[in-house]
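Working notes, structure below.
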Amino acid sequence: MKKIVTLTFFIISFSIFAQQKLKVKVVNEKDPICGMNTAQFLTDTAIYQKKIYGFCSKSCKVEFKKNPKKYMKKK
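Going by mature numbering (1 follows the signal peptide of the UniProt record, and there is no 0), the letters in the sequence shown line up with residues -18 to -1, 1 to 57, in that order.
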């Protein structure tokens, strides 16, 4: 019984942690790669030219870091 309670606790803790959004102020309202709303879907950030940009996923951040200038022209 103790193992079941412990396992349940870890599963619930993990699911809550996985759903948490970052709470930082970013300069963009939309992810520069995919266009998703950063206020709703912020999961990662990157600093470019002393500003914090938000992204909906790590893959969008990785794509941005390959060529940030390309995505800054979209503004």
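From the three backbone atoms N, C-alpha and C, an ideal C-beta is built for every residue, glycine too.
Quick caveat, the model's predicted, so the values are computed rather than measured.
| query | result |
| --- | --- |
| Taking the alpha helix (DSSP H) that lysine 48 belongs to, which residues open and close that run? | 40 to 48 |
| Using alpha carbons as the reference points, say which of Gln31, Val8, Lys32 and Lys33 lies closest to threonine 25. | Val8 |
| What residues match up with threonine 25 in a beta bridge as DSSP calls it? | DSSP, once it has assigned bridges, lists no residue as partnering threonine 25. |
| Within a Cβ cutoff of 6 Å, which residues of the same chain sit near threonine 42, ignoring the five residues on either side of it in sequence? | Note on residue identity: the sequence assigns cysteine, not threonine, to residue 42. Here the set comprises Asp13, Ile15 and Cys16. |
| Starting from glycine 36, follow the beta strand (DSSP E) in both directions and report where the run begins and ends. | 33 to 37 |
| With DSSP run on the structure shown, which of helix, strand or coil describes threonine -11? | helix |
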